[in-house]
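Residue numbers (this note's numbering): 6 to 263.
Even glycine gets a Cβ: it sits at the ideal position worked out from N, Cα and C.
See below for the structure under consideration.
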């Protein structure tokens, strides 16, 4: 295999246990197994790729596939590379983030207008000066679905880092404050940047799962379970409705020539 196209067409099924023809035209990305399980139960479809690096489930009638790709920017870049094998019409990341500003309360949704590329992975795809941004028309449609659900949401800039354990680092937290970001995660900037590199329309709908800027706000097993029980079903539902309806009701996502 000499070309990228040859490699990703071979590797996407290898990583996911899912034939290329089984992928839908629209993709939900997650790094939580319960999102995948809830999707499969909702549509009564099998989970593919059990025992592989990544797992999927597809609802063929709506053309929607969900992929649990793991955690972190390296895995996020890998799945965005591999998905170029099927050229999806849209990819939406359903992720969780830590709220940095007081306006980002637990359970709030964030539609990032951009992400700061603090993870480093995306530098292998685009120059450091290139901003990490979503596809505007995809986010516009997702925002409509949030409003239809009678929910509020925030916009702002997300800081994406490779560091998973930083909540003790006061210098890093001060840096986040100075950057005026609304939240912090490990994947959004990578998904946005690698999406551009692979000509994939992309977006992110983030759920604020903790408030890590203070010691009592750091995520624990107990606090995460509370957020999961209260908000994950709605998070997934908005993502499903957005990505199953956008092809029919939404404006064309790919609004410029790469």
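Grouping DSSP H, G and I as helix and E and B as strand, with all else coil, what is residue 234? helix
Integer Cβ distance of residue 75 from residue 36, believed to fall under 8 angstroms: 6 angstroms
Just tell me which of 213, 190, 148 and 143 has its CA closest to the CA of residue 229. 213
DSSP beta-bridge partners for residue 159? 115
Please report the straight-line C-alpha distance between residue 62 and residue 46, rounded to a whole angstrom. 10 angstroms
List the endpoints of the continuous beta strand (DSSP E) containing residue 104. 95-104
Below 8 angstroms on the Cβ atoms is my guess for residue 40 versus residue 99; work out the distance and round it to an integer in Å. 6 angstroms
Identify which residue in 103, 132, 129 and 33 has its Cα closest to the Cα of residue 3. This structure cannot settle anything about residue 3, because the visible part of the chain is limited to 6 through 263.
Assuming contact is defined by CB atoms lying nearer than 8 angstroms, are residue 137 and residue 188 in contact in what I supplied? no
So what does DSSP say about residue 276, is it helix, strand or coil? It is not possible to answer for residue 276, since the shown part of the chain is limited to 6 through 263.
Would you report the Cα separation of residue 22 and residue 57, rounded to the nearest angstrom? Each residue's Cα considered, the two are about 7 angstroms apart.
Cβ-based burial, residue 6 [other Cβ within 10 Å; buried from 16]: exposed
Does the beta-carbon of residue 5 have 16 or more other beta-carbons within 10 angstroms, so that it is buried, or is it exposed? Given that the chain is displayed from residue 6 to residue 263, the structure contains no residue 5 and the question cannot be resolved.
Are there 16 or more other CB atoms within 10 angstroms of the CB of residue 43, so buried, or fewer, so exposed? buried
Close-in-space but distant-in-sequence residues of the same chain around residue 131 (CB under 8 angstroms, 5 per side omitted): 198, 201 and 202
When burial is assigned at 16 or more other CB atoms within 10 Å of the CB, is residue 184 buried or exposed? exposed
Sequence-distant residues of its chain with Cβ nearer than 6 angstroms to residue 101 (five each side left out): Within the same chain, residue 101 has close Cβ partners 212 and 214.
State yes or no: is the C-beta of residue 252 within less than 8 angstroms of the C-beta of residue 33? Result no, Cβ atoms of residue 252 and residue 33 do not sit closer than 8 angstroms.
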